[in-house]
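What follows is a single structure, written as structure tokens, with notes after it.
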Amino acid sequence: MQKESGKVFKDEDDATIKPEKPQLAKKKWRKSLRKEQALNEHLTWEERLAYSVTPQWKLSYNEQLQLKQKNQERILLQLSDQLLDGQHKALTSASSPKSTKLSFPLLPILPSPVTEGYRNKSTFSVNRGVDGNPKTVGFYVGTGKAGNIVCVNGDHLLNMPERHKLVARCYQDFLRRSPLEPCLLFHDGGHWREVTVRTNTAGHTMAIVYFHPQRLTPEEVKFHKSSLVEYFTQGPGAVCQLDSLYFQESSMTRCSHEESPYELLHGQPHIYEEMLGFKFRISADAFFQVNHGAGELLYHTVREMGLPNGGREGSTLLDVCCGTGAIGIIMSPRLRQVIGIEVIQQAVEDARHNAALNQIHHCEFLLGKAEVVLPGLMEVLTSTGSPVGPLTAVVNPARAGLHYRVVRALRNHPSIHRLVYISCKPEGEAMRNFRELCCSPDPQRKLTGDAFRPTLAVPVDMFPHTPHCELLLVFESPGIFGKTVYKLARHHNLEQASRIVACTIIEKEMSAFNRVKKGYHVLFIFMRRHLHRLLVLIHCNNCFFPAQQRDRISSLGHITEYENDRDGGKKCQPQQPATRR
Ligand SMILES: C[S@@+](CC[C@H](N)C(=O)[O-])C[C@H]1O[C@@H](n2cnc3c(N)ncnc32)[C@H](O)[C@@H]1O
1342 MQKESGKVFK
1352 DEDDATIKPE
1362 KPQLAKKKWR
1372 KSLRKEQALN
1382 EHLTWEERLA
1392 YSVTPQWKLS
1402 YNEQLQLKQK
1412 NQERILLQLS
1422 DQLLDGQHKA
1432 LTSASSPKST
1442 KLSFPLLPIL
1452 PSPVTEGYRN
1462 KSTFSVNRGV
1472 DGNPKTVGFY
1482 VGTGKAGNIV
1492 CVNGDHLLNM
1502 PERHKLVARC
1512 YQDFLRRSPL
1522 EPCLLFHDGG
1532 HWREVTVRTN
1542 TAGHTMAIVY
1552 FHPQRLTPEE
1562 VKFHKSSLVE
1572 YFTQGPGAVC
1582 QLDSLYFQES
1592 SMTRCSHEES
1602 PYELLHGQPH
1612 IYEEMLGFKF
1622 RISADAFFQV
1632 NHGAGELLYH
1642 TVREMGLPNG
1652 GREGSTLLDV
1662 CCGTGAIGII
1672 MSPRLRQVIG
1682 IEVIQQAVED
1692 ARHNAALNQI
1702 HHCEFLLGKA
1712 EVVLPGLMEV
1722 LTSTGSPVGP
1732 LTAVVNPARA
1742 GLHYRVVRAL
1752 RNHPSIHRLV
1762 YISCKPEGEA
1772 MRNFRELCCS
1782 PDPQRKLTGD
1792 AFRPTLAVPV
1802 DMFPHTPHCE
1812 LLLVFESPGI
1822 FGKTVYKLAR
1832 HHNLEQASRI
1842 VACTIIEKEM
1852 SAFNRVKKGY
1862 HVLFIFMRRH
1872 LHRLLVLIHC
1882 NNCFFPAQQR
1892 DRISSLGHIT
1902 EYENDRDGGK
1912 KCQPQQPATR
1922 R
């Protein structure tokens, strides 16, 4: 939870706002409020909230994108520095000079197709408003630390859709009619807590009301639940046309369905969404990308980056932190098998249901913490050997990043050559994961597998008007194929090395070039003669080729050009390609 002054409190997985409770007594709170007021006197409360929740709201969308691009570049340069530093220190025990250029491409940020009212999930807090009314529903301005939190309604926020604002206004009206007090501080009593609103592109709305029972009897709680249902179905709240109304009774700040069940008080149990032609059921407790249009862009990009040559029938995808299974299901037509891992039970049930809903039968979703499930799963995959085929991993953890055991299991598995890491906070804990993936093998930390290296980055703007975006980062490792060839080359068994490379290139790339047999022969002869080029080819072969480069690499001649581009023409002098189409 962030506690910076003037910042809102973000949900772990997206930019949903989470409440922070005021820590001071009412008198102190008023004093602190006056101080805050004095500091930002020129701003209205609504402006302060807008700067807090959507700090870029005054900028044009183009300016926002430029800022985000620069920010992602800065973060990736930091990563490059840290990786360089690691290598440099290992050799010289001195710090490396700061890098000014990335060693891999950062593509231009993909803009969100919709920039206003794009959120499909919002959580509204309950607390004292500017007028001191404790039954105010909105977002916090100020911080718990400074004790100057005030709740301001979010009707003017650019990222908030009308339907969410309407539910928030009605909930506030309901609270003000209710005889029960709101729960501002857990130990101070009170009952009504925040409300979460979820919507979909089909126009359906789900509301989830959180409630602290304190010392109420079950009958009393039942009475207040009924009044809530009545308000939203027959009373003034009926304008919200809720398709689902859930109620979570809990004495903890945030808990899962298992810890404290979501009780359906009215309507449909789920909300549905369609992404890239696939249908998804979403439960109250399950994560779903918060911006539909940008979510589709993200999934499209992950599919292209994870399976750059359109995928292969024999390969398996590990979808780590899979939520409702969206990534795995969308990529599944290009794969032999998908295995997803997710800790939230409702999300796993959704994922299994979603596979069936889309008539996909080769996806399996495992319930549990990735750090517990994955190491065992990797062992099983290793022991079953070849049947599983090559592995690609997509990881999309919450802000806390991946547990060290997850990184270790992924890195140490010889079949994983490509890993796509999706992060909405790459400068945070994800950076630690990047370092663990890319550092030199470290037997003490049981990081024995080949180091990965970042090869491509693509930002996707999931959160217009905020400083945040999603970053997709591709990591590749030479894997067992690369290792074998280098070993053979080192022992001067060049012919054998050439043969392996030729076969692998035929298998991996040549089918894409539509010249399998001819290509094999020509490549083989060519490679036997030019092993040093061949090693560059291995390098290329393991790289992700962005679409425009893939087009260029449509003949051996073009691959030669590409080699020359990569090393500035120093190692490989330009020469006639061995064959042309
Ligand atoms: C950012 S969401 C991504 C979900 C999914 N990839 C998608 O696109 O919808 C992160 C997911 O990781 C799950 N998660 C968090 N910690 C986890 C853990 N230790 N093991 C497995 N899943 C976890 C969360 O419940 C959430 O569904």
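In our numbering, the protein residues as written are 1342 to 1922. Glycine is no exception: its CB is placed at the ideal position from the N, C-alpha and C atoms.
Please return the same chain residues whose Cβ sits closer than 8 Å to the Cβ of residue i, not counting the five positions on each side in sequence.
i	result
E1690	S1624
F1573	C1511, F1515, A1548, A1579, C1581, L1583, L1586, H1607
P1808	P1396, Q1397, L1408, K1409, N1412
H1871	Caution applies to H1871, whose pLDDT of 42 falls short of 50 and renders its modelled position unreliable; the value that the coordinates give is listed next. Taken in chain order, the list of residues that qualify is empty.
Just to confirm my understanding: we take residue i, look at its own chain, exclude 5 residues before and 5 after, and list those with CB closer than 7 Å. What are they?
i	result
Y1640	M1616, L1617, A1667, I1668, I1671
N1699	F1619, K1620, I1670
R1794	C1779, F1816, E1817
R1891	Because the pLDDT at R1891 is just 37, under 50, the model does not fix this residue reliably, and the point stays unresolved.
R1693	F1706
R1746	E1712, P1716
Q1609	D1584, S1585
First and last residue of the alpha helix (DSSP H) that includes residue i?
i	result
P1559	1559-1574
M1772	1770-1779
V1747	1745-1753
S1463	Where S1463 is concerned, there is no enclosing alpha helix (DSSP H), although the beta strand (DSSP E) it sits in stretches over 1462-1468.
Y1392	1386-1394
V1508	1503-1518
What separation, rounded to the nearest whole angstrom, lies between the Cα atoms of residue i and residue j?
i	j	result
M1593	L1425	44 Å
H1383	S1466	25 Å
F1552	K1566	10 Å
S1393	H1806	11 Å
R1752	S1591	39 Å
E1768	R1675	32 Å
G1588	P1577	Residue identity differs from the one stated: residue 1588 is Phe in this sequence, not Gly. Using only the alpha carbons, I get a separation of about 19 Å.
N1855	T1395	For N1855, the predicted structure reports a pLDDT of 38, less than 50, and the residue's modelled location is therefore unreliable. A value from the coordinates is still provided. Cα-Cα distance, rounded: 50 Å.
C1524	Y1481	15 Å
G1790	E1712	18 Å
V1536	L1743	29 Å
A1487	R1460	29 Å
Q1785	Y1762	25 Å
R1469	C1765	31 Å
H1758	P1731	8 Å
Q1575	I1490	34 Å
E1387	S1673	45 Å
L1659	A1734	5 Å
F1628	R1776	27 Å
K1351	R1415	Residue confidence is low: K1351 scores 36 on pLDDT, short of 50, so the model does not pin down where it sits. No coordinate-derived value is stated.
Hey, residue i and residue j are a contact pair by Cβ (cut 8 Å); roughly how many whole angstroms apart?
i	j	result
L1718	R1749	Contact flag wrong, Cβ pair sits at about 13 Å.
T1540	H1505	7 Å
T1657	Q1678	4 Å
D1626	I1685	6 Å
L1451	V1736	Actually they are not in contact, since the Cβ atoms of L1451 and V1736 sit about 20 Å apart, beyond 8 Å.
H1598	E1614	Actually they are not in contact, since the Cβ atoms of H1598 and E1614 sit about 19 Å apart, beyond 8 Å.
To which residues of the same chain is residue i closer than 6 Å at the C-beta, ignoring the five residues directly before and after it?
i	result
Y1402	T1456
V1570	L1606, H1607
R1517	K1476
L1448	V1799
I1612	R1539, N1541, H1545, M1547, I1623
E1604	F1588
Q1630	G1636
Q1419	none
L1648	R1675
G1495	G1479, F1480, M1501
A1771	G1742, S1764
Q1405	Q1397
For the beta strand (DSSP E) that residue i lies in, which residues bound it at each end?
i	result
E1604	1603-1608
K1620	1619-1623
Y1762	1757-1764
F1588	1585-1590
A1548	1546-1552
W1533	1533-1540
V1735	1732-1736
Y1613	1612-1616
For ligand 3, is there a heavy atom less than 6 Å away from the beta-carbon of residue i?
i	result
F1628	As for ligand 3, it is missing from this structure, which binds only ligand 1.
Against chain C, with Cβ distances strictly below 7 Å, would residue i count as a contact?
i	result
R1595	Of the protein chains in the structure, only one exists, and it is not chain C.
Legend entry - Within the stretch 1638-1695, ranges of the alpha helix (DSSP H) (whole runs, at least 4 residues): Correct list: 1667-1672.
Inset, instruction - Entirely within the stretch 1694-1728 and at least 3 residues each: give me those beta strand (DSSP E) ranges in chain order. - result: Here the runs fully enclosed are 1704-1708.
Inset, instruction - Would you list, in sequence order, the uninterrupted beta strand (DSSP E) runs of no fewer than 3 residues that lie entirely inside the stretch 1467-1499? - result: If one requires a minimum length of 3 residues, the beta strand (DSSP E) runs lying completely within the stretch 1467-1499 are 1477-1482, 1491-1493, in chain order.
Inset, instruction - Taking only runs that begin and end inside the stretch 1777-1811, name each unbroken beta strand (DSSP E) of 3 or more residues, in chain order. - result: You should have 1794-1801.
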